[in-house]
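Visitor: The structure follows.
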Amino acid sequence: MGSWLVFCTADIPSETIEAFQTQSITHKSAPPAPWILQQTPSEGVHGPELSLPPPSFTTSFKDASPTTIQTFIKENLEGRHEFPDFRGGIEWDEFVILDVRSVKDNTCLVYHRTSRMPEGSYEVDWDKEKLIYEWKCWRVKFLVAWGLIAELNFADDVVFSVWEDKKDAYWDENGVFQLPYLEEYTYTTLQWDVVSDDLVPGNTIRGDGIALSKLHDTIPPIGKSLLHMIMLPEADESHVSNLASASIIGLTKPVHATSYEAW
Numbered sequence: 041m042g043s044w045l046v047f048c049t050a051d052i053p054s055e056t057i058e059a060f061q062t063q064s065i066t067h068k069s070a071p072p073a074p075w076i077l078q079q080t081p082s083e084g085v086h087g088p089e090l091s092l093p094p095p096s097f098t099t100s101f102k103d104a105s106p107t108t109i110q111t112f113i114k115e116n117l118e119g120r121h122e123f124p125d126f127r128g129g130i131e132w133d134e135f136v137i138l139d140v141r142s143v144k145d146n147t148c149l150v151y152h153r154t155s156r157m158p159e160g161s162y163e164v165d166w167d168k169e170k171l172i173y174e175w176k177c178w179r180v181k182f183l184v185a186w187g188l189i190a191e192l193n194f195a196d197d198v199v200f201s202v203w204e205d206k207k208d209a210y211w212d213e214n215g216v217f218q219l220p221y222l223e224e225y226t227y228t229t230l231q232w233d234v235v236s237d238d239l240v241p242g243n244t245i246r247g248d249g250i251a252l253s254k255l256h257d258t259i260p261p262i263g264k265s266l267l268h269m270i271m272l273p274e275a276d277e278s279h280v281s282n283l284a285s286a287s288i289i290g291l292t293k294p295v296h297a298t299s300y301e302a303w
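Per the numbering used here, the very first residue in the sequence shown carries number 41; after that it's consecutive.
Take a look at the structure:
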C-alpha cells in the first residue's frame, strides 16, 4: 500500500492542510505521511510526502473539475512506479480533494476508481482491455480519510457490502458520508495458532517470530469480512503478507515478519 495524491481546488490555508494531515492519520494504523500534495499540473508527480508544517503555495488546480484531475492522474501517474524524491509507490485508483468546503467543516472528497467487466461477461472472459472504469466520490471527515481510502484500495467489494448496513455507513443531512466504524477502532489482540490453524487464547508464536491475531467481538463487520477473506488454511508467506496488509487498515495488530519492514 502506497501514498496518495491530494489536490486543492481552492485556496486552502495552511491551517486547513495541517488539520487534514493531523486528523487523517489518527487512525491507529495510519503511516505518519501517506499524502503527497500535488500543487501544479506542470511539475509532474513527485515527492516528498506532505509533512508539517505544510508548504505555502498557490494551487494551480483552483476550480479544476474532477474529470480534469482524473485525466491528470491517467496521464501522469497511472502505470508509473518510480518518482523523483520519493522511494515508495503512489496509488492511482484513489485521490483526495480539498475544496472550499474543507476550510469550513474539515471535510474532504475521497475519490476511488472501480472496475468491472461488461454486463454478460463471465469470469473466464476477464480481459483488462475490456474493463469498464467508474470513479466514485464521498465527502468525509478528515478523521476517516486515510481509513476509507486504505480499505477501498485493499478490498472495495467487501467494503461496499459492509456499507449495506446503514449503521456502518450513511449520508447525513449535510451530505457528509459518515463512517462510525472507522472512528471506533478498539481491537483486542488475541493470537492465531499458526501450527494447527486453530483459534486459541493466549500467545502462540512460531519459531520465526510470526504472531497473528484472532477475531474479537469488538471488530466491526468490515474487519470480520476481510479477515474471513484472508485467513488461508496454511500459514505460508502469502498468509503473513495478507495479514500484514490487513493490519495497515486497522484490521489486526501489526504482524512480525521481515516483509513488514518494507512498510
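Beta carbons are placed, not taken as given, at the ideal position from N, Cα and C, and that holds for glycine.
Leaving out five residues before and five after residue 306 in sequence, what residues of the same chain have Cβ atoms less than 7 Å from its Cβ?
Guide: Absent from the structure is residue 306, since the part of the chain shown begins at 41 and ends at 303.
Visitor: What are the complete beta strand (DSSP E) segments, minimum 3 residues, inside the stretch 55–112?
Guide: 75–77
Visitor: Contact check, residue 152 vs residue 134 under 8 Å by CB: the rounded distance?
Guide: Beta-carbon to beta-carbon, residue 152 and residue 134 are separated by about 5 Å, close enough to satisfy the 8 Å threshold.
Visitor: Can you name, in chain order, every residue of its own chain whose Cβ lies under 8 Å from the Cβ of residue 130, other than the five neighbours on each side?
Guide: Taking residue 130 as the centre and dropping the five residues before and after it, the same chain places the C-beta of 42, 43, 44, 45, 76, 85, 117, 120 and 123 closer than 8 Å to its C-beta, in chain order.
Visitor: Need the endpoints of the alpha helix (DSSP H) that residue 179 sits in, please.
Guide: Unbroken run through residue 179 is the beta strand (DSSP E), 172–181; no alpha helix (DSSP H).
Visitor: Please classify residue 150: does DSSP put it in a helix, a strand, or coil?
Guide: strand
Visitor: Below 8 Å, how does it come out for the stretch 63–79 and the stretch 199–209: are there three or more Cβ pairs, yes or no?
Guide: no
Visitor: Give me the residue from 83, 216 and 127 with the minimum Cα distance to residue 115.
Guide: Out of 83, 216 and 127, 83 has the C-alpha closest to the C-alpha of residue 115.
Visitor: Tell me the DSSP bridge mates of residue 137?
Guide: 47 and 149
Visitor: Straight-line CA distance for residue 64 to residue 166?
Guide: Note on geometry: alpha-carbon atoms of residue 64 and residue 166 lie some 36 Å from one another.
Visitor: Grab me the residues of residue 211's own chain with a C-beta within less than 7 Å of its C-beta, minus the 5 sequence neighbours each way, in chain order.
Guide: Cβ neighbours of residue 211 within its own chain (closer than 7 Å, five residues either side excluded): 217.
Visitor: Report, in whole angstroms, the separation of the C-beta atoms of residue 140 and residue 50, which I expect to be a contact under 8 Å.
Guide: 4 Å
Visitor: DSSP three-state call for residue 131: helix, strand or coil?
Guide: Strand, per DSSP.
Visitor: Distance, Cα to Cα, residue 184 vs residue 177?
Guide: 14 Å
Visitor: Provide the residue(s) that pair with residue 211 in DSSP beta bridges, ordered along the chain.
Guide: 217
Visitor: Going by DSSP, which residues form a beta bridge with residue 155?
Guide: 173
Visitor: Below 8 Å on the Cβ atoms is my guess for residue 146 versus residue 59; work out the distance and round it to an integer in Å.
Guide: 6 Å
Visitor: Quick one: is residue 213 buried, meaning 16 or more other Cβ sit within 10 Å of its Cβ, or exposed?
Guide: By the Cβ neighbour-count rule, residue 213 is exposed, with fewer than 16 other Cβ atoms within 10 Å of its own.
Visitor: Do residue 143 and residue 179 count as a contact pair if the criterion is CB distance below 9 Å?
Guide: no
Visitor: Use the C-beta contact count for residue 173: other C-beta atoms within 10 angstroms, 16 or more gives buried, fewer gives exposed.
Guide: exposed
Visitor: Nearest to residue 104 by alpha carbon, out of 91, 136 and 89?
Guide: 136
Visitor: Could you spell out where the alpha helix (DSSP H) holding residue 197 opens and where it closes?
Guide: 185–202
Visitor: Just tell me which of 55, 68, 108 and 111 has its CA closest to the CA of residue 91.
Guide: Closest option to residue 91, Cα to Cα, is 55.
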